[in-house]
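Enquirer: Input: one structure, supplied below.
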Amino acid sequence: MSATEGSSQEKKDVKPRDELPWVEKYRPVEMKDIVGNEEAVSRLKVIAYDGNMPNLILSGPPGTGKTTSVMCLARALLGKDVYKEAVLELNASDDRTLNVVRNKIKMFAQKKVTLPANRHKIIILDEADSMSTGAQQALRRIMEIHSNTTRFALACNDSSKIIEPIQSRCALVRYRKLTNKDILIRVMEVVQQEKIIKNSEGLEALMYTADGDLRNALNNLQATWQGFGMVDATNVFKVCDQPHPTAVKEIILKCLESKFVEAQKKLDAVVKKGYSAQDIVGTISKMVRNGMEEMSEEVQLEFIKEIGIIHVRVIEGVQSPLQLSALLAKLCRASANVIKQ
Ligand SMILES: Nc1ncnc2c1ncn2[C@@H]1O[C@H](COP(=O)(O)OP(=O)(O)OP(=O)(O)O)[C@@H](O)[C@H]1O
Ligand SMILES: [Mg+2]
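Residue numbers for the sequence shown follow our numbering, beginning at 1 and rising by one.
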């Protein structure tokens with residue numbers, strides 16, 4: 001696996017690699033180390049090969065490799081040495097008000113840098129969806145004026161928060177949640193490097209709690225390993241502080257059989273462990289969405305509908321146990337109705 005010499009973290013406060021959190025220590029430096037989202041990454045590879053980078057928006061859920069991809073692309077285009085000179089990284093923790101856009105970005109765009117032939121300076125605007133509309137408006141003109149020397153790469157979670165005129169100036173690259181298989185590939189590399197003791201249930205629990213977010217998986221892996229010295233399912237769920245899926249699965253199975261009283265008993269046991277209504281409904285929802293062998297598609301759809309209604313109520317603040325009981329009753333009824341038909 002590659003080292004992380006170029007990461008922004010290391011530039012700011014130079015720490016020995018062993019002190020870095022694993023997400024930074026194992027942040028890919030080359031594009032070949034990025035897992036998943038093959039289509040998006042191969043588009044970037046073509047750009048790196050061609051050398052003519054358009055302005056880009058990378059949009060998608062957290063922890064899927066957007067920031068990493070932009071950094072790898074910039075490094076592939078400019079090389080490690082020029083990277084320091086010719087790349088400006090701004091993220092949400094930097095001040096990105098209108099004035100900064102006007103001054104800092106403009107100054108950088110005007111700066112003279114010796115570049116390899118046919119290459120451009122690159123401005124990386126991370127978490128671009130948190131930039132104010134005013135700042136984004138100021139950016140449109142700057143993007144045009146400096147288009148012969150500078151390219152922009154914007155990373156964001158929600159591309160609809162980027163104003164239309166900027167969207168129209170950029171090529172959009174969409175990232176999706178990573179599959180469990182992709183997450184496992186990267187997690188296993190770290191497991192080997194760090195000589196972690198684990199079992200397959202532990203890895204499954206990591207995939208399950210990460211829900212497509214590799215940053216989350218690596219953070220939980222580190223916390224479990226350093227906290228308990230063994231990565232198994234029980235320890236992972238302790239670290240993640242989520243209800244154990246087997247306990248939740250039992251509740252759902254009882255609802256499938258329309259046995260309300262028994263489902264309620266199992267629910268009480270989970271509530272007693274101190275999990276909030278939001279945690280519990282969230283886990284039920286995730287399990288049902290992922291599908292279960294015991295559940296037909298018809299029942300699954302009915303369940304998703306009922307869970308959605310209660311989930312909204314709970315998120316809005318009605319966290320009483322009655323809501324959870326109501327959910328179980330509705331699931332029991334939905335399951336009975338489907339069987340009757
Ligand atoms: N596709 C991937 N391949 C390899 N490592 C990854 C990938 N996605 C995430 N990671 C790991 O997770 C960390 C965070 O990834 P990154 O900063 O690229 O996420 P992001 O998509 O920009 O998320 P956010 O939307 O929260 O900014 C990286 O340092 C890396 O260790
Ligand atoms: Mg990012």
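Note that CB positions come from ideal geometry on N, CA and C, so glycine has one too.
The structure displayed is predicted, hence computed values, not measured ones.
Are the Cβ atoms of L88 and F108 separated by less than 8 Å?
Expert: Yes, they are a contact pair.
Enquirer: Can you tell me where the alpha helix (DSSP H) holding A155 begins and where it ends?
Expert: Per DSSP, A155 belongs to no alpha helix (DSSP H); it is in the beta strand (DSSP E), T150 to C156.
Enquirer: Please name the residue or residues paired with S286 in a DSSP beta bridge.
Expert: Per the sequence shown, the amino acid found at residue 286 is Lys instead of Ser. According to DSSP, K286 bridges with nothing at all.
Enquirer: Since E89 sits in a beta bridge, which residues does DSSP pair it with?
Expert: The partner list for E89 (beta bridge, DSSP) reads I124.
Enquirer: Sorted by chain position, which residues of the same chain lie with C-beta nearer than 6 Å to Q9's C-beta, five sequence neighbours on each side aside?
Expert: Confidence in Q9 is poor, its pLDDT being 46 and thus under 50, which makes the residue's placement unreliable; the coordinate value appears in the next sentence. Once the five neighbours on either side are set aside, the close Cβ partners of Q9 are E24.
Enquirer: Taking 7 Å as the cut-off, is the C-beta of A155 nearer than that to any heavy atom in ligand 2?
Expert: For ligand 2, at least one heavy atom lies less than 7 Å from the Cβ of A155.
Enquirer: For K266, which residues from the same chain have a beta carbon less than 8 Å from its beta carbon, with the 5 sequence-adjacent residues on both sides left out?
Expert: If we look at K266 and ignore the five residues flanking it on each side, its Cβ neighbours are A247, E250, I251 and K254.
Enquirer: Check whether the Cβ of T67 sits closer than 7 Å to any heavy atom of ligand 1, and report yes or no.
Expert: At least one heavy atom of ligand 1 is nearer than 7 Å to the Cβ of T67, so yes.
Enquirer: Could you tell me whether any non-hydrogen atom of ligand 2 is closer than 7 Å to the CB of D33?
Expert: No - ligand 2 has no heavy atom lying nearer than 7 Å to the Cβ of D33.
Enquirer: Locate the beta strand (DSSP E) running through I57, then write down its first and last residues.
Expert: Note, I57: beta strand (DSSP E), L56 to S59.
Enquirer: So what's A117 in DSSP terms, helix, strand or just coil?
Expert: In the structure shown, A117 sits in coil (DSSP, three-state: anything other than H, G, I, E or B).
Enquirer: What does K198 pair with, by DSSP beta-bridge criteria?
Expert: Beta-bridge pairing links K198 to V231.
Enquirer: Under DSSP, the beta strand (DSSP E) around L20 begins and ends at which residues?
Expert: From DSSP, L20 is part of no beta strand (DSSP E); its letter is neither H nor E.
Enquirer: Measuring only the C-alpha atoms, how far is V82 from H311?
Expert: Cα-Cα distance, rounded: 50 Å.
Enquirer: Are V281 and I307 closer than 8 Å when you measure CB to CB?
Expert: For V281 and I307, yes; Cβs fall inside 8 Å.
Enquirer: Alpha carbon to alpha carbon, what distance is there between C170 and I122?
Expert: Cα-Cα distance, rounded: 14 Å.
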